[in-house]
DNA sequence: GAGCACTGC
């Protein structure tokens with residue numbers, strides 16, 4: 001029936017024209033349409049341009065089309081637009097292809113990991129930032145692109161940051177001089193180091209070489225020292241640092257600083273006792289401090305990977321620690337100084353009322369304060385003398401009564417320092433095997449005692465061999481390396497141990513050891529850390545008894561797989577989930593027996 | 001099955 005199909009086709013044609021008209025009108029009505037000419041001119045005039053506009057103003061869909069119409073795709077060049085998420089890259093590409101009245105994959109296409117719709121004809125290419133970074137590895141100058149649009153740049157991922165840095169060209173366009181980049185943590189440093197090294201292999205052979213060197217606090221000091229060495233001639237040193245390089249150490253010879261403007265900060269919820277590390281923008285003071293690390297010995301430059309308007313929005317200075325940590329120790333110290341009215345105390349930076357009340361409550365539960373908020377005698381006075389977290393001070397006093405002070409002194413020393421175990425990603429299995437040798441089925445506290453004693457034994461052996469102090473220290477360093485123990489943390493723990501040992505002797509606590517009786521020791525841990533008990537739930541998760549929070553055992557714990565019915569823990573941290581760390585298996589009945597003031601009524 | 005800013009007593 002030819003007439004019918006002719007009619008249908010005419011109808012189709014009409015619908016199509018109407019749709020085209022709609023699209024044209026819609027495009028014209030977008031706020032960005034009025035500045036098309038100016039935008040294209042500005043892009044042509046500037047190497048880097050930051051465009052700010054409301055959501056829905058049409059930046060993502062229109063700008064690439066303006067640039068295309070403005071001639072940015074001559075000679076086969078491509079306009080690349082990055083998106084922080086895969087879905088966005090696909091949907092925006094589809095939308096723009098429709099607006100261009102073209103099939104997806106021709107003029108307009110997208111490319112994401114495992115899915116590439118582009119062809120040789122593609123001139124407007126939407127992609128994820130991670131994918132563009134991969135392309136940059138193969139072609140550092142991204143030579144097939146005439147323009148790169150980094151969309152949603154405020155949704156800053158490490159990828160966008162590195163990308164923005166690369167686009168500023170982190171290396172090829174600037175003169176010689178070392179670079180210092182501020183990152184938030186070990187993981188970010190490690191992944192960026194890998195990326196840079198992959199990319200560095202593909203640099204044009206005539207350009208100078210790149211040498212990356214990480215520095216962060218849990219890195220063993222031998223490796224930290226690398227950051228202070230100078231690079232061979234013709235090589236540029238790139239130091240990837242946490243804010244350890246902001247104030248704690250000064251690396252000589254830095255000419256360029258790269259500051260993405262973020263920092264990892266501790267956050268604390270006084271009600272739940274939950275601690276977390278969150279990534280937040282730096283303060284103005286921090287940003288200035290960071291830029292000041294460039295060119296200390298000559299002219300330098302700081303590349304801030306954020307906009308000037310963002311800088312103005314930064315807070316002037318970092319929120320002081322006192323407003324974001326557990327206050328129990330501060331309150332205990334004030335009480336010992338006979339300052340009774342803590343709430344009314346004239347703090348320079350006043351912590352929240354809730355935080356103060358919570359710590360007063362905790363100190364009462366620990367027996368450091370009486371019910372009328374007075375320092376108790378002798379426990380409160382003893383606790384205030386010890387430079388430890390009040391819960392650890394309490395643990396020492398309890399262990400003196402229960403006759404396992406020696407073991408508890410080791411535990412609180414080891415818990416008071418940074419992580420004892422060092423597990424570099426590339427030697428994870430070896431590190432795990434080494435740790436197995438110390439591990440106790442009863443829990444992490446006894447594991448820590450085992451590590452401490454094994455280290456002491458190592459020192460004892462070399463002492464018996466009449467070794468000099470320096471030889472002994474070397475033997476310990478080697479032992480640490482072989483056993484994947486962080487030497488610096490262990491040394492710190494030994495220092496804390498000897499300092500606290502001095503205090504407990506002066507205080508007249510009862511020196512004692514539980515010997516092989518680990519039940520006694522676990523009971524003592526229960527008596528000390530009863531506020532941090534958790535019970536396994538039918539679904540395998542745990543419930544922290546004091547706050548009823550749902551928590552999981554952190555995978556770094558020796559009890560991660562065993563999942564005992566009841567545990568006491570020392571740390572409550574929130575990362576991807578609520579985690580408890582440093583655990584020991586206990587009998588739930590011990591709680592009512594050893595902390596009746598807290599548990600008896602509940603049973 | 002996580003991924004760990006810094007300092008001080």
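Numbering (full-length UniProt numbering), first residue to last: 1 to 603. All residues carry an ideal CB built from backbone N, CA and C; glycine is no exception.
For the beta strand (DSSP E) containing residue 578, list its first residue and its last residue.
-> That run of the beta strand (DSSP E) goes 578-585.
Terminal residues of the continuous alpha helix (DSSP H) containing residue 599?
-> 596-599
For residue 24, which three-state DSSP category applies?
-> helix
Who are residue 116's beta bridge partners in DSSP?
-> Looking at the DSSP output, residue 116 bridges to 111.
Reference residue 579, options 589, 558, 552 and 593, closest by Cα | 552
Which residues in the same chain have their Cβ closer than 8 Å to the Cβ of residue 367, if we skip the five residues on either side of it in sequence?
-> 376, 379, 380 and 394
Closest Cα partner of residue 297 within the set 144, 450, 253 and 43 | 253
Rounded to whole angstroms, what's the CA-CA distance from residue 315 to residue 120? Just pull it up for me.
-> The C-alpha of residue 315 lies about 48 Å from the C-alpha of residue 120.
DSSP-derived helix/strand/coil call for residue 524 = helix
Within the same chain, show all residues whose beta-carbon is closer than 6 Å to that of residue 546, passing over the 5 residues directly before and after it, in chain order.
-> Take residue 546, set aside five residues on each side of it, and the residues of its chain with a beta-carbon closer than 6 Å to its own are 531, in chain order.
Which same chain residues, not among the five before or five after residue 355, have their C-beta less than 7 Å away from its C-beta?
-> 270 and 327
What number of angstroms, rounded off, separates the C-alpha of residue 490 from the C-alpha of residue 452?
-> For residue 490 and residue 452, the distance between alpha carbons rounds to 8 Å.
For residue 544, does the three-state DSSP call read helix, strand or coil?
-> strand
State buried or exposed for residue 444, treating a residue as buried only when at least 16 other CB atoms are found within 10 Å of its CB.
-> buried
Taking all protein chains shown into account, decide if residue 400 is buried (16 or more other Cβ within 10 angstroms of its Cβ) or exposed.
-> When all chains shown are included, residue 400 counts as buried.
Near residue 423, what residues of its chain come up, given a Cβ to Cβ distance below 7 Å and the 5 sequence neighbours on each side ignored?
-> 431 and 484
Name the one or two DSSP bridge partners that residue 304 has.
-> 259
Under three-state DSSP, which class holds residue 16?
-> helix
Pair within 7 Å by beta-carbon distance, residue 293 and residue 180 = yes
With distances taken between CB atoms, is the gap from residue 105 to residue 145 smaller than 7 Å?
-> no
Pick out whichever of 533, 438 and 61 has its Cα sitting closest to the Cα of residue 32.
-> 61
Contact set for residue 408: own chain, Cβ-Cβ below 7 Å, skip 5 residues either direction | Once the five neighbours on either side are set aside, the close Cβ partners of residue 408 are 395, 396, 399 and 524.
What residue range is occupied by the uninterrupted alpha helix (DSSP H) comprising residue 275?
-> Taken as a continuous stretch (DSSP letters only), residue 275 belongs to no alpha helix (DSSP H), being part of the beta strand (DSSP E) at 274-281.
Assign residue 247 to buried or exposed, taking buried as 16 or more other Cβ atoms, counted over all protein chains shown, within 10 Å of its Cβ.
-> exposed
Close Cβ partners of residue 360 (< 8 Å) along its chain, the five nearest in sequence each way excluded | 331, 342, 369 and 373
May I have the straight-line CA-CA distance separating residue 386 from residue 334, to the nearest angstrom?
-> 14 Å
Label residue 34 either buried or exposed according to how many other C-beta atoms from any shown protein chain fall within 10 Å of its C-beta, with 16 as the threshold for buried.
-> Classification of residue 34: exposed, given that the 10 Å Cβ count is below 16.
From what residue to what residue does the beta strand (DSSP E) around residue 82 run?
-> 78-83
Could you tell me which residues DSSP puts in a beta bridge with residue 215?
-> 241
Indicate whether residue 177 and residue 256 have their beta-carbon atoms separated by less than 7 Å.
-> A contact, by the Cβ cut-off of 7 Å.
Would a C-beta distance cut-off of 7 Å place residue 245 and residue 237 closer than the cut-off?
-> Contact flag unset, no.
Less than 8 Å between the CB atoms is what I'm expecting for residue 447 and residue 558, so what's the real figure, rounded?
-> 6 Å
Alpha carbon of residue 102 to alpha carbon of residue 50, nearest angstrom | 29 Å
Per DSSP, what kind of secondary structure is residue 69 in: helix, strand or coil?
-> helix
Apart from the five residues just before and just after residue 513, which ones in its own chain have a Cβ nearer than 7 Å to its Cβ?
-> 404, 406 and 407
Per-residue DSSP class, three states only, for residue 235 | In the three-state reduction of the DSSP assignment, residue 235 falls in the strand class.
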